[in-house]
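Scroll down for the structure; my scribbles are underneath it.
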Amino acid sequence: MGSMVEGGTSGERPASPAVDRALTVLERLVDSEEELTLTALAKVTGIPLATCASIVYTLEQRGYAARRIVGRSHFWRPTLRLYGLASQLVRKVDLSQVAPAEMRTLADKLGMPVHMGVLDGPSVVYVAKAATPGFIQFDTYSGKIAPFHLTALGRAIASHLEPAELEPLLAHLTPGQGPNARKAGRKAFLALLESVREAGYAVEEEEEQADISCVAAPFFGADGRVAGSVGVTGFARDLTDDRKREAAAGLIELATEVSRRLGCPKRSLPTALALS
Numbered sequence: 639m640g641s642m643v644e645g646g647t648s649g650e651r652p653a654s655p656a657v658d659r660a661l662t663v664l665e666r667l668v669d670s671e672e673e674l675t676l677t678a679l680a681k682v683t684g685i686p687l688a689t690c691a692s693i694v695y696t697l698e699q700r701g702y703a704a705r706r707i708v709g710r711s712h713f714w715r716p717t718l719r720l721y722g723l724a725s726q727l728v729r730k731v732d733l734s735q736v737a738p739a740e741m742r743t744l745a746d747k748l749g750m751p752v753h754m755g756v757l758d759g760p761s762v763v764y765v766a767k768a769a770t771p772g773f774i775q776f777d778t779y780s781g782k783i784a785p786f787h788l789t790a791l792g793r794a795i796a797s798h799l800e801p802a803e804l805e806p807l808l809a810h811l812t813p814g815q816g817p818n819a820r821k822a823g824r825k826a827f828l829a830l831l832e833s834v835r836e837a838g839y840a841v842e843e844e845e846e847q848a849d850i851s852c853v854a855a856p857f858f859g860a861d862g863r864v865a866g867s868v869g870v871t872g873f874a875r876d877l878t879d880d881r882k883r884e885a886a887a888g889l890i891e892l893a894t895e896v897s898r899r900l901g902c903p904k905r906s907l908p909t910a911l912a913l914s
């Protein structure tokens, strides 16, 4: 008999088809811009109708889905219970309280919102934001999720991942929607990450969407490993040349301070941050 580890036997175990289907249904409900009937949900997920029905009824009983009945049709949507779970998780890992004053100072100095992000699989999750006043606000907020490779926040983090951590993320490279979108190639992306490591910061210029650019720098935890990144978002016309360099310098300084507060030894910081 094989040795046991927490949660079951040692070694890689096969995924649970039931859990996989339940999560697929939940993700499709969240991704959809409109309520879905069971028939539509079964079609978009490729899951049998009876199985979809069992899953959404269970989600309803647990408070993760709700339905609206119109005649004989039932329309399903997710509830905010998921938001409640996410909020609890964010509070447990509350990076937003590490350097809020410094984020605010940099945002005021640059006139651009400053964000903090962490990696969650192939996505970056925005966990904090220092906004700027005014009528024009960018569509960024705590809890926002974006593809890691199409944001400066994600690139800054990915540039310092161990090869074993980075490898599975490379299967998720997709082109952006902006005018400067690049071909989603593995070789080119790895070269890009190398340039990010050398510079100490990452840049994304109108690749994810038109008119928007961002700059970001990584920060590190007590174990010396990359823990997240801080970045600014602005109009592409504003984030050029001197302004870009000013933003990068401010972000490297901020990232260094965040790393210090997280207990990262200075000797473990990349050269660009250690010299800030």
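Take the sequence shown: its letter number 138 is residue 776 in the working numbering, and every next letter is one higher. In this text, a Cβ means the ideal position worked out from N, Cα and C, and glycines have one as well.
| Query | Result |
| --- | --- |
| C-beta atoms of R706 and E698 nearer than 8 Å | no |
| R824 in three-state terms, based on DSSP | helix |
| Distance between V765 and C690 (C-alpha atoms, nearest Å) | 32 Å |
| DSSP bridge partner residues for R706 (one or two, in chain order) | F713 |
| Nonlocal neighbours in the same chain, by C-beta distance under 6 Å from R719, ignoring five residues either side | G701 and Y702 |
| For K681, three-class secondary structure by DSSP | helix |
| Contact under 8 Å by Cβ, T789 with E844 | no |
| Start-to-end residues for the beta strand (DSSP E) that takes in C690 | Element bounds for C690: not the beta strand (DSSP E) but the alpha helix (DSSP H), L687 to R700. |
| Neighbour flag for L679 against chain C, beta carbons, 8 Å | Absent from the structure is chain C; it holds one protein chain and no more. |
| Cβ pair L757, E884 closer than 8 Å | no |
| Where P856 falls, given that 16 or more other Cβ within 10 Å makes a residue buried | buried |
| Length of the line joining the Cα atoms of P806 and R824 | 11 Å |
| I783 - partner residues in DSSP beta bridges | V763 |
| From S867, D880 and F873, residue whose alpha carbon lies closest to that of S897 | S867 |
| Assigned secondary structure, M750 (DSSP; H/G/I helix, E/B strand, else coil) | coil |
| Through-space distance from T871 to E891, alpha-carbon basis | 17 Å |
| L723 classed as buried or exposed, judged by whether at least 16 other C-beta atoms fall within 10 angstroms | exposed |
| Ordered list of beta strand (DSSP E) runs contained in the segment 787-820, each at least 3 residues | none |
| Of the listed residues T677, V694 and L804, nearest to A656 (C-alpha basis) | V694 |
| Where R875 falls, given that 16 or more other Cβ within 10 Å makes a residue buried | exposed |
| Minimum C-alpha distance to S833 - residue among F713, V762, E846 and A796 | A796 |
| Where L674 falls: helix, strand or coil (DSSP) | strand |
| Nearest candidate by alpha-carbon position, reference L900, set E672, E671, Q735 and L679 | Q735 |
| Which of helix, strand or coil DSSP assigns to T878 | coil |
| Three-state secondary structure assigned by DSSP to D861 | coil |
| Beta-carbon spacing of L676, L687 below 8 Å | yes |
| Close beta carbons around A826, own chain, < 8 Å, minus the five adjacent residues each side | R820 |
| Which listed residue (A769, P785 and W714) has its alpha carbon closest to that of G917 | This structure gives no information on residue 917, because the portion of the chain shown stretches from 639 to 914. |
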